[in-house]
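K.L.:
Numbering (our numbering), first residue to last: -7 to 258.
(1) Could you pull the start and end residues of the beta strand (DSSP E) that residue 70 belongs to?
(2) Excluding the 5 residues flanking residue 132 on each side, which residues of the same chain have their C-beta closer than 7 Å to its C-beta?
(3) In this structure, how does DSSP classify residue -6 when only helix, strand and coil are distinguished?
(4) Excluding the five sequence neighbours on either side, which residues of its own chain have a C-beta within less than 6 Å of the C-beta of residue 94, listed in chain order?
(5) Quick one: residues in its chain with C-beta nearer than 6 Å to the C-beta of residue 200, no 5 flanking neighbours on either side, listed in chain order?
(6) Helix, strand or coil, according to DSSP, for residue 205 in the structure here?
(7) How do the region 99 to 114 and the region 40 to 59 stand: do at least 3 beta-carbon pairs fall below 8 Å, yes or no?
(8) Can you give the Cα-Cα distance for residue 105 and residue 145, rounded to whole angstroms?
(9) Can you give the beta carbon distance from residue 74 to residue 16, rounded, assuming they're within the 8 Å contact cut?
(10) State the start and end residues of the unbroken alpha helix (DSSP H) segment that holds residue 106.
(11) When DSSP labels each residue in this structure, what does residue 225 get in the three-state scheme?
(12) Of the residues 66, 124, 178, which one's Cα is nearest the Cα of residue 84?
(13) Tell me which residues share the same chain as residue 192 and place their Cβ nearer than 7 Å to its Cβ, disregarding the 5 neighbours each side in the sequence.
(14) Which whole runs of the beta strand (DSSP E) in the region -2 to 83 are 3 residues long or more, in chain order?
(15) Helix, strand or coil for residue 256? Go by DSSP, reduced to three states.
(16) Tell me which same chain residues have a C-beta within less than 6 Å of the C-beta of residue 135, skipping the five on either side of it?
(17) Here's the rule I'm using: 16 or more other beta-carbon atoms within 10 Å means buried, otherwise exposed. How should residue 243 be labelled?
(18) In this structure, what does DSSP give as the bridge partners for residue 196?
(19) In the DSSP assignment, find the unbroken beta strand (DSSP E) run with residue 243 in it and report its ends.
(20) Assign residue 1 to one of two classes, buried (16 or more other C-beta atoms within 10 Å of its C-beta) or exposed (fewer than that).
(21) Shortest alpha-carbon distance to residue -6 belongs to which of 69, 239, 203, 167?
(22) Between the Cα of residue 30 and the Cα atoms of 113, 238, 14, which residue gives the shortest distance?
(23) Within the continuous beta strand (DSSP E) that includes residue 150, where are the two ends?
(24) Cα separation between residue 22 and residue 183?
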C-alpha cells in the first residue's frame, strides 16, 4: 500500500517547538484510508465552536490549505475516495478533518467512542465538544482486546486488511496506536502516546513545557509513562522494517516522508 505523510495542522504553543498534525494517507485497493485527520475546513471557519478554549493553548494556524481535503486534491487524489478514517483518539486536532469526509467510516476504540460521546470527567468534557460530531460521523467501534495482538501488544486487532488498531490508553481513555502494513514494512503511528522523539529515543533533548502539557491533559499519567517505556523498547530494537512516528513531532514527519525506512537509532 502506498502511504503519504501529511501535516494537516501546524500548531505553535508558547515556549515549545512548532508542532504538526501528522496524518497518514493510505492508498488501498478499496479506496483511501486516513490515519487521523488533523484539522479540517470547518475548524478553520469556526475555531471557537469546534475547538473551544483549547485553541488558546495549542495555537493552531488553521490554514485551509493544510487540511487533508485540500492536500488530497493537490496529490491528484479524490477526497470522495476516502472510505475509512482510523482515529488514534478524538481530540479536535486528530478528528476535526473527519467532517470533510462525511461518507467515510470512522474507526476508533469503543473506549474512546464512549469517552467522546459520554464524557465522565472535566478533562473529557472540555476536550470532546459536541460540535466535533455534529456532522453525524459513521462511527465504527472496535475492541482491540478481542484481537490477535501485534508485535507483543496483546490488545490489538486488524480492522481492515493491513491496518491494526492497538490499544494504548493513557493520553485519553481509549487512545490507540495504528500500525499500517506497507508491503515492505510497517508504519506505527503512535498518535499522542508520546509527544516528542526525545521521550523514546534516549538521545534528543526534550522540551520541558511540552512535557508539562502532555502530563497536564493526560487521562492517566501512569499509563502514559508505560507507553513511553514500551515505545522506547521498540525504538531501541531498530527494526529496519518498522517506522515509528507520532502525531506532533515535525522531525519524525520530515524523516518519514523523506526516508520511511530510515527512522530509528543509527
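By construction, the Cβ of each residue, glycine as well, lies at the ideal position given by its N, Cα and C atoms.
P.N.:
By the coordinates alone:
(1) First-last for residue 70: undefined, no H or E at that position.
(2) 97, 98, 99
(3) strand
(4) Cβ neighbours of residue 94 within its own chain (closer than 6 Å, five residues either side excluded): 127.
(5) Once the five neighbours on either side are set aside, residue 200 has no close Cβ partner at all.
(6) helix
(7) no
(8) 21 Å
(9) About 12 Å; that fails the 8 Å criterion.
(10) 102 to 109
(11) helix
(12) 124
(13) 186, 220, 223, 224, 227.
(14) If we require 3 residues or more, the beta strand (DSSP E) runs fully inside the region -2 to 83 come out as 14 to 20, 23 to 27, 74 to 78.
(15) Only weak support exists for where residue 256 lies, its pLDDT of 40 falling under 50; the coordinates are left without a value.
(16) Around residue 135: 102.
(17) exposed
(18) Note: residue 196 sits in no beta bridge, so no partner.
(19) Careful: residue 243 lies outside any beta strand (DSSP E), inside the alpha helix (DSSP H) at 242 to 250.
(20) buried
(21) 69
(22) 14
(23) Start and end: 148 to 152.
(24) 24 Å
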